[in-house]
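Counting from 2, one number per residue, gives the positions in the sequence shown under the working numbering. Note that the Cβ used here is the ideal one computed from N, Cα and C, for glycine as well.
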Amino acid sequence: MKFRFVFMLVSGLMLACPFSVWSAEYRCGQPYEVVAGDTLGSVAEKVYGSSIKYNLIFYANRGLLAEGPSVIKVGQKLRIPCEQAEADGPAPEPAPAAVETSPVTGSDARLAVMVTVPDANRPGYDSQQVIQLLTAGDYAPFTDQSLPQGGLITELVEQALTATGIRFQLTWINDWSAHLDPLLKQKKYDMGFPWFYPGCPGKDTLRCEFLFSKPVFEVLIVLFTRTDSTLVFEKDRDLEGKRLCRPAGYFTHDLERAGREWLSGKVIELKQPHSVKDCFDLLLAGEVDGVTTDDFTGRDALARLGYQDRITPQAREISVEALSVVVHKTHPRATILINRVNQGLAALHESGRYDEIMDRHLLAHWSRVETLQPESR
2 MKFRFVFMLV SGLMLACPFS VWSAEYRCGQ PYEVVAGDTL GSVAEKVYGS
52 SIKYNLIFYA NRGLLAEGPS VIKVGQKLRI PCEQAEADGP APEPAPAAVE
102 TSPVTGSDAR LAVMVTVPDA NRPGYDSQQV IQLLTAGDYA PFTDQSLPQG
152 GLITELVEQA LTATGIRFQL TWINDWSAHL DPLLKQKKYD MGFPWFYPGC
202 PGKDTLRCEF LFSKPVFEVL IVLFTRTDST LVFEKDRDLE GKRLCRPAGY
252 FTHDLERAGR EWLSGKVIEL KQPHSVKDCF DLLLAGEVDG VTTDDFTGRD
302 ALARLGYQDR ITPQAREISV EALSVVVHKT HPRATILINR VNQGLAALHE
352 SGRYDEIMDR HLLAHWSRVE TLQPESR
């Protein structure tokens with residue numbers, strides 16, 4: 002049974018289930034049983050008072066909602082992350098003891114580096130060679146030095162490695178274009194994160210030179226349209242002849258895969274301006290029919306631009322893409338390192354620690370997005 006969670010429908014659904022009555026029956030931490038007429042947006046409105054937080058519920062129930070956020074079924078019991086998790090939940094693991102900042106020498110001298118070195122007394126410490134990790138910032142809520150514990154994926158990767166006894170150093174180099182080649186390909190660093198798996202073999206020959214861990218986190222890639230648009234994306238053929246926008250430099254493998262030859266078959270017209278903002282401006286100007294990007298980037302940009310009332314995500318996702326840790330295939334310990342990451346992630350899931358970390362970061366992120374004021378343009 003499929004339901005749309007277009008946000009303009011929330012007020013109508015609330016008539017059948019008044020907030021005051023529902024909230025009186027609900028207790029934080031209890032599962033929520035789906036009833037007829039529910040959508041993730043309407044459930045989020047009931048629980049959090051904001052439909053924008055629907056993906057908190059989706060990510061908390063990723064295994065149950067395998068068909069995507071637009072498909073929920075009567076009788077399903079959903080885990081609802083407690084909004085108090087950030088304040089009252091388990092404390093994050095202690096930060097690494099040593100932090101230093103230094104310039105990169107040689108050809109990469111333009112890049113700034115922050116290195117974090119785990120304390121030898123931390124649980125799981127291994128006296129083997131230190132593994133060099135590489136990431137970059139400005140990618141909320143996943144990786145950024147200004148975020149608690151460096152962001153959601155940074156904390157998950159560090160905790161996964163700690164769980165398997167790997168000793169590591171984390172380096173921040175804020176130039177994503179330099180990460181895969183030359184820094185990881187030439188093994189100046191052992192592992193990098195987070196990277197989308199492109200589906201190999203494929204056109205992205207560089208990424209296919211790497212081994213990918215199991216997903217650290219899976220991200221919704223959604224289609225944003227104008228609120229006054231008549232376009233409804235339920236099946237791929239609904240986008241035939243449409244003009245879509247995705248910023249230059251973003252992956253396109255989800256638009257070109259087996260059974261979906263949107264680019265080579267010229268099913269859609271793809272425009273690729275410089276930024277997400279440029280895409281949204283083209284949408285409002287009527288020059289494209291939709292903007293496709295990940296849910297976090299898109300809705301963060303809408304809040305900053307003040308476009309939330311004019312642009313909304315469609316119910317059906319374009320794709321669900323995995324963010325992973327990568328190691329170049331020529332690394333002498335490539336398979337061993339990826340296996341250790343996978344073992345650590347499995348341990349986090351089994352212990353419940355994964356959900357605790359995810360809930361804390363996502364709740365903090367959407368609370369921040371709700372308070373964003375439009376930037377001057």
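Tell whether a beta-carbon distance below 9 Å holds between residue i and residue j.
{"i": "Thr172", "j": "Tyr198", "result": "no"}
{"i": "Leu134", "j": "Ala335", "result": "no"}
{"i": "Thr293", "j": "Leu256", "result": "yes"}
{"i": "His362", "j": "Pro216", "result": "no"}
{"i": "Ile81", "j": "Gln31", "result": "yes"}
{"i": "Lys78", "j": "Val36", "result": "no"}
{"i": "Ser214", "j": "Leu346", "result": "yes"}
{"i": "Leu283", "j": "Glu376", "result": "no"}
Looking only at DSSP bridge pairs, what is residue i linked to?
{"i": "Arg261", "result": "Arg258"}
{"i": "Tyr140", "result": "Thr144"}
{"i": "Glu34", "result": "Lys78"}
{"i": "Ala323", "result": "Glu219"}
{"i": "Pro314", "result": "Phe225"}
Beta-carbon within less than 6 Å of residue i's beta-carbon, same chain only, minus the 5 sequence neighbours each way: which residues are those?
{"i": "Ala25", "result": "Its pLDDT being 43, under 50, Ala25 is placed unreliably by the model, and the measurement read from it follows with that caveat. Here the set comprises nothing."}
{"i": "Asp109", "result": "Low local confidence applies: a pLDDT of 42 at Asp109 is under 50, so the model's placement there is unreliable, with the coordinate-based value given in what follows. Once the five neighbours on either side are set aside, Asp109 has no close Cβ partner at all."}
{"i": "Pro70", "result": "Leu41, Phe59"}
{"i": "Leu245", "result": "Ile269, Leu271, Gly291, Thr293"}
{"i": "Lys186", "result": "His329"}
{"i": "Gly193", "result": "Leu135, His180, Leu185, Val327"}
{"i": "Ala323", "result": "Tyr198, Pro216, Glu219"}
For the putative contact between residue i and residue j, defined by C-beta atoms under 8 Å, what is the C-beta separation to the nearest angstrom?
{"i": "Asp295", "j": "Lys243", "result": "In fact, because the Cβ distance is near 19 Å, the residues do not count as touching under 8 Å."}
{"i": "Val223", "j": "Ala304", "result": "Contact doesn't hold; Cβ gap of about 15 Å is too wide."}
{"i": "Thr155", "j": "Thr136", "result": "6 Å"}
{"i": "Ser320", "j": "Trp196", "result": "Ser320 to Trp196, Cβ: 16 Å. No contact."}
{"i": "Leu364", "j": "Leu153", "result": "11 Å between Cβ atoms; not a contact."}
{"i": "Thr231", "j": "Thr313", "result": "At roughly 13 Å, the Cβ-Cβ gap does not stay under 8 Å, so Thr231 and Thr313 are not in contact."}
{"i": "Gln170", "j": "Val131", "result": "5 Å"}
Which word fits residue i, buried or exposed, when buried means at least 16 other C-beta atoms lie within 10 angstroms of its C-beta?
{"i": "Ala259", "result": "exposed"}
{"i": "Met359", "result": "buried"}
{"i": "Glu262", "result": "exposed"}
{"i": "Thr144", "result": "buried"}
{"i": "Ser43", "result": "buried"}
{"i": "Ala67", "result": "exposed"}
{"i": "Arg1", "result": "The structure shown does not extend to residue 1, since the chain is modelled only from 2 to 378, so the question has no answer here."}
{"i": "Ala286", "result": "exposed"}
{"i": "Ser147", "result": "exposed"}
{"i": "Lys267", "result": "exposed"}
{"i": "Asp182", "result": "exposed"}
Report all residues from its chain with a CB closer than 8 Å to the CB of residue i; omit the five preceding and five following residues, and keep chain order.
{"i": "Thr206", "result": "none"}
{"i": "Cys209", "result": "Pro199, Cys201, Pro202, Gly203"}
{"i": "Ser21", "result": "Residue placement at Ser21 is flagged as unreliable, the pLDDT there being 33, under the threshold of 50; the coordinate-derived value follows with that caveat. Same-chain partners within the cutoff: there are none."}
{"i": "Pro248", "result": "Gln273, Pro274, His275, Ser276, Val277, Asp279, Cys280, Thr294"}
Near residue i, what residues of its chain come up, given a Cβ to Cβ distance below 7 Å and the 5 sequence neighbours on each side ignored?
{"i": "Lys54", "result": "Ala45, Trp367"}
{"i": "Phe383", "result": "A query on residue 383 cannot be resolved here, the shown segment of the chain reaching from 2 to 378 and no further."}
{"i": "Asp237", "result": "Arg261"}
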